[in-house]
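As structure tokens, the structure follows; a few thoughts come after it.
In the numbering used here, the protein residues as written are 273 to 667.
Right, here's the structure in full:
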């Protein structure tokens with residue numbers, strides 16, 4: 273008989289990391305459930321630790337989506353080298369987008385400080401009613417009485433502010449000074465955004481393919497439609513609202529400076545912010561024109577109003593239809609909520625991200641409504657098509 277080596281039960285089992293292995297047992301938690309809970313915990317930990325980077329990363333994604341057609345042309349001219357094309361794109365964005373915004377915010381902060389300093393002085397010693405307010409027809413005497421009551425006498429402005437907000441005007445002044453010191457935080461956020469945007473440009477194609485693979489697993493029947501709506505929505509919103517609003521703020525701010533309006537940079541920034549809301553830009557330059565007319569600058573006021581009207585007509589009839597990539601138009605209420613909610617949640621960058629998120633919500637809602645209508649009309653169309661066939665067969 274051939275020697276057959278039988279297993280020796282006395283041989284010590286192989287040592288394990290956590291001690292000797294025991295017999296196979298039924299796990300307390302199935303492996304699939306454990307993996308899912310582990311994935312949820314990892315995602316929650318990532319959101320907790322990297323929450324501070326959510327705003328710059330989201331801003332980078334929005335800018336990347338909106339400028340991707342232009343970046344594709346740049347990538348083709350760079351010979352397909354994604355690193356060189358991404359570097360050139362970042363330099364162009366810094367030169368034509370980031371630096372003008374930083375300069376505008378810097379000058380606006382300085383002018384707002386002057387306004388607050390005047391308010392502190394007026395609260396301390398009072399301020400007489402301006403002559404142009406007294407000269408206003410019909411409303412002049414009433415506005416003069418209100419000005420004298422709430423601004424003209426010493427300490428009256430601080431009492432009003434304290435009654436409305438519960439804070440003293442000195443505390444508000446110190447808070448605005450602290451807000452001016454927060455410019456470093458804004459610059460740091462812009463730096464993180466540019467770094468994230470570089471990698472969006474460089475690795476965006478590969479990452480979008482991975483997102484498509486994951487989306488097909490999650491929403492196999494709807495992902496293709498939704499994934500095509502998102503880039504078009506972001507491009508339409510950013511190009512049709514944000515960039516045009518920035519342009520209107522710059523153009524009208526220069527017009528304010530030429531017309532001799534006080535604090536033209538601050539008024540230009542406010543006009544750009546108001547331009548994000550439908551009808552906001554006309555309201556802004558109309559009020560400034562009324563101020564010029566009331567203060568005695570009739571030619572400047574009429575010229576500013578005519579210039580603003582012509583500029584908005586050109587933008588709405590020529591530039592906006594060419595820049596907007598699709599027929600995605602937000603109603604007034606979602607636009608307003610997106611603007612206010614974005615500023616409240618994300619600060620300055622929320623001016624650009626809030627309307628985009630609202631546009632995405634509206635676009636997805638419209639897609640769902642389109643699917644519901646198709647699902648309701650589909651069976652009726654089939655019945656209408658089958659009815660003539662049945663009648664011909666009966667004949």
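Where is the CB? At the ideal position from N, CA and C, for every residue including glycine. Only a predicted model underlies this, so the values are computations on that prediction, with no experimental measurement involved.
| What's the C-alpha gap between residue 336 and residue 346? | Here the question's residue 336 lines up with position 64 in the chain shown. Here the question's residue 346 lines up with position 74 in the chain shown. Their backbone Cα atoms lie some 13 Å apart in a straight line.
| Should residue 328 be labelled buried (16 or more other beta-carbon atoms within 10 Å of its own) or exposed? | Locating residue 328 in the chain shown gives position 56, counting from the first residue. With 16 or more Cβ atoms within 10 Å of its Cβ, residue 328 is classed as buried.
| What's the gap between the Cα of residue 322 and the Cα of residue 316? | Sequence index remark: in the chain shown, residue 322 carries index 50 (1-based). Sequence index remark: in the chain shown, residue 316 carries index 44 (1-based). C-alpha separation (whole angstroms): 10 Å.
| request: Grab the span of the alpha helix (DSSP H) containing residue 395 for me, first residue to last. | output: For the purposes of this step, residue 395 is taken as the residue at position 123 of the chain shown. Residue 395 -> alpha helix (DSSP H) spans 371-397.
| task | Closer than 8 Å by C-beta to residue 429: which residues in its own chain qualify, once you throw out the five before and the five after it? Chain order, please. | result | The residue given as residue 429 occupies position 157 in the chain shown. Cβ neighbours of residue 429 beyond the five flanking positions: 391, 394, 395, 422, 423, 441.
| How would you write the range of the alpha helix (DSSP H) that residue 670 sits in, first residue to last? | Any answer about residue 670 is impossible in this case: the structure gives the chain only from 273 up to 667.
| DSSP state of residue 599 mapped onto helix, strand, coil | The residue you call residue 599 lines up with position 327 of the chain shown. Residue confidence for residue 599 is low, a pLDDT of 48 falling below 50, so the modelled location carries little weight and cannot support an answer.
| request: Specify, as a first and last residue, the run of the alpha helix (DSSP H) that residue 510 falls within. | output: For the purposes of this step, residue 510 is taken as residue 238 along the chain shown, with counting starting at 1. Residue 510 -> no alpha helix (DSSP H), and no H or E assigned at all.
| Are there 16 or more other CB atoms within 10 angstroms of the CB of residue 474, so buried, or fewer, so exposed? | Working through the chain shown from its first residue, we reach residue 474 at position 202. Using a 10 angstroms sphere on the CB of residue 474, the tally of other CB atoms reaches 16 or more, which defines it as buried.
| said: Taking 8 Å as the limit between beta carbons, can you name the residues of its chain near residue 625, skipping five residues before and five after? | reply: Here residue 625 corresponds to residue number 353 of the chain shown, with the count starting at 1. Cβ neighbours of residue 625 beyond the five flanking positions: 327, 330, 331, 334, 614, 618.
| field | Supposed contact pair residue 525 and residue 547 - C-beta distance, whole angstroms, cut 8 Å | value | Here residue 547 refers to the residue found at position 275 when the chain shown is read from its first residue. Here residue 525 refers to the residue found at position 253 when the chain shown is read from its first residue. Contact between residue 547 and residue 525 is absent: CB atoms are separated by about 11 Å, not below the 8 Å threshold.
| field | residue 608 - containing alpha helix (DSSP H), residue span | value | The residue labelled residue 608 in the question sits at position 336 within the chain shown. Here the alpha helix (DSSP H) through residue 608 covers 604-618.
| task | Determine, using beta-carbon pairs with one atom in the segment 566-581 and one in the segment 527-540, whether at least three such pairs fall under 8 Å. | result | Verdict: yes, contact present.
| task | Would you mind sorting residue 647 into buried or exposed? The rule is 16 or more other CB atoms within 10 Å of its CB. | result | Against the chain shown, residue 647 aligns to sequence position 375. Taking every protein chain shown into account, the CB of residue 647 has fewer than 16 other CB atoms within 10 angstroms, so this residue is exposed.
| By Cβ distance below 6 Å, which residues in the same chain neighbour residue 376 in space, the five residues on each side in sequence not counted? | Locating residue 376 in the chain shown gives position 104, counting from the first residue. So the qualifying residues of the chain are 541.
| request: Decide yes or no for the touch test of the segment 530-538 against the segment 367-384: beta carbon pairs closer than 8 Å, at least 3 of them. | output: Touching, yes, given that three or more Cβ pairs across the two stretches are closer than 8 Å.
| task | Just the C-alpha distance for residue 589 and residue 506, rounded to the nearest angstrom, thanks. | result | By 1-based counting over the chain shown, the position of residue 589 is 317. By 1-based counting over the chain shown, the position of residue 506 is 234. Cα to Cα, the separation comes out at about 21 Å.
| Nearest neighbour of residue 384, chosen from 413, 314, 534 [CA to CA] | For the purposes of this step, residue 384 is identified with residue 112 of the chain shown, where counting begins at 1. The option with the nearest alpha carbon to residue 384 is 534.
| field | DSSP state of residue 356 mapped onto helix, strand, coil | value | By 1-based counting over the chain shown, the position of residue 356 is 84. Here residue 356 sits in helix by DSSP.
| request: Check whether the Cβ of residue 580 lies closer than 9 Å to any Cβ atom in chain C. | output: Among the chains of the structure shown, chain C does not appear; only one protein chain is present.
| field | Integer-rounded CB distance, given that residue 560 should sit under 8 Å from residue 576 | value | Position 304 of the chain shown, counted from the start, is the residue given in the question as residue 576. Position 288 of the chain shown, counted from the start, is the residue given in the question as residue 560. Confirmed, about 6 Å.
| Is residue 585 buried or exposed, if buried means 16 or more other CB atoms sit within 10 Å of its CB? | One-based indexing of the chain shown puts residue 585 at position 313. Label assigned to residue 585: exposed.
| query | Using a Cβ-Cβ cut-off of 7 Å (strictly less than) and excluding sequence neighbours within five positions of residue 544, which residues of its own chain qualify? | reply | For this step, residue 544 is matched to residue 272 along the chain shown. So the qualifying residues of the chain are 517, 518, 520, 521.
| said: Restricting to runs no shorter than 4 residues, where is the alpha helix (DSSP H) found entirely within the segment 535-590? | reply: As far as the segment 535-590 is concerned, its whole alpha helix (DSSP H) runs of at least 4 residues are 536-547, 552-566, 570-586.
| request: Pull up the distance between the alpha-carbon of residue 496 and that of residue 320, whole angstroms please. | output: As a working mapping, residue 496 is identified with position 224 in the chain shown. As a working mapping, residue 320 is identified with position 48 in the chain shown. Rounded to the nearest angstrom, the two C-alpha atoms are 31 Å apart.
| query | How is residue 350 classed by DSSP in three states: helix, strand or coil? | reply | Residue 350 sits at position 78 when you count from the first residue of the chain shown. Collapsing the DSSP output to three states places residue 350 in coil.
| query | With residue 343 and residue 361 assumed to form a contact (beta carbons below 8 Å), what rounded beta-carbon distance in angstroms separates them? | reply | Here the question's residue 343 lines up with position 71 in the chain shown. Here the question's residue 361 lines up with position 89 in the chain shown. Rounded, the Cβ-Cβ distance is 5 Å, consistent with contact.
| Do residue 630 and residue 604 have their C-beta atoms closer together than 9 Å? | Your numbering for residue 630 matches position 358 in the chain shown. Your numbering for residue 604 matches position 332 in the chain shown. No.
| task | List the whole-angstrom C-beta distance separating residue 572 from residue 531, where the pair is believed to meet the contact cut-off of C-beta under 8 Å. | result | Numbered from its first residue, the chain shown carries residue 572 at position 300. Numbered from its first residue, the chain shown carries residue 531 at position 259. Right, the Cβ-Cβ distance comes to about 4 Å (below 8 Å), so this counts as a contact.
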